[in-house]
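Remarks on the structure that follows.
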Amino acid sequence: MDELIWDAARASRRWLDAANGTGDTELTCRILKLTEEAGEAAAAWIGVLGQNPRKGVTHTREDVAAELADVVFTALVAIESLGMDARSALSACADKVQSRLG
């Protein structure tokens, strides 16, 4: 992956650390932020489907992809906030998935 991703995740963690501290409450909020972002992705998909008759079609697949990217990036920042290397964690996850696929 592009180095920009990893640099941005680390920079975001540093920025949040400076602004909000690094205690367990802050870490909890960073992990819970994943749920918020996932909800936004779900809402965008509902908007693609036009499932809410009052609102109709409100989003595009590109909107959904952008929201899913927010989920991924938020997870990378949360991993970095745990004191772990997000690149290594993601690589290990990909290796695990690849081994399952045979």
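The sequence shown begins at 173 in our numbering and counts up by one. Built from N, CA and C at the ideal position, the CB exists for glycine as well.
In this structure, Val-229 and Trp-217 do not form a Cβ contact; the two beta carbons are roughly 11 Å apart against a cut-off of 8 Å. For the pair of segments examined, the region 232-250 was found to touch the region 197-208: the number of CB pairs separated by less than 8 Å reaches three.
Nearest in C-alpha terms to Trp-178, of all of Thr-246, Arg-259, Ala-215, Leu-188, is Arg-259.
Take Asn-192, set aside five residues on each side of it, and the residues of its chain with a beta-carbon closer than 8 Å to its own are Glu-198, Cys-201, in chain order. By the CB criterion at 9 Å, Ala-261 and Asp-242 fall outside the cutoff. Assignment of Asp-174 by DSSP, reduced to helix, strand and coil, places it in the coil class. Residue range 258-273 is occupied by the alpha helix (DSSP H) that includes Val-269. Annotated as proximal: Arg-233 and Val-220, with beta-carbon spacing under 9 Å.
Inclusion of Ala-210 and His-231 in the CB contact set at 9 Å is not warranted, their separation being larger than that value.
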